[in-house]
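Working notes, structure below.
In the working numbering, the protein residues as written are 122 to 253.
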């Protein structure tokens, strides 16, 4: 594997490391993770087709539930706000990482040969193994 492929794979992992550094201390419950995934799903759909008002209401329901879970698990208003803010920060980081990965794959299509489909994931996996 070339050094360029390894470097390229490492660059893609920078955003993922940021996400993991924010994710681990949060100690998310399954319900919080499900709500975040639901929000991400609706955001993903919205990138390709405009959402109707009813669909936006469904997406907003995930935000309401996420806030309710933060309120249920934390007693003080300040703690609720901090927890919800950290969850929104995590959501923002995952959106950024997804955009960066889309750009990375677009760049791979441009600069790597047509058979790069196996090289690029190998570069990412190799970079992960080198870090351990």
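Ideal Cβ placement from N, Cα and C applies to all residues, glycine included. Just so you know, these numbers come straight off a predicted model, no measurement behind them.
| Asked | Found |
| --- | --- |
| Is it the case that the Cβ atoms of residue 195 and residue 201 are separated by a distance below 8 Å? | yes |
| Can you give me the start and stop residues for the alpha helix (DSSP H) that residue 152 sits inside? | 151-169 |
| In the DSSP assignment, the alpha helix (DSSP H) including residue 202 goes from what residue to what residue? | 198-232 |
| Quick one: Cα of residue 167 to Cα of residue 223, how far? | 16 Å |
| For residue 181, does the three-state DSSP call read helix, strand or coil? | helix |
| Rounded to a whole number of angstroms, what is the C-alpha to C-alpha distance between residue 143 and residue 173? | 32 Å |
| Mapping DSSP to helix, strand and coil, what is residue 136? | helix |
| For a quick check, are the C-beta atoms of residue 157 and residue 207 less than 8 Å apart? | no |
| Could you check how far apart the C-beta atoms of residue 214 and residue 160 are, in whole angstroms? I think they sit under 8 Å. | In fact, because the Cβ distance is near 13 Å, the residues do not count as touching under 8 Å. |
| Since residue 190 contacts residue 153 with CB under 8 Å, what's their CB separation in whole angstroms? | 6 Å |
| Using a 10 Å radius around the Cβ and a threshold of 16 neighbouring Cβ atoms, would you call residue 162 buried or exposed? | exposed |
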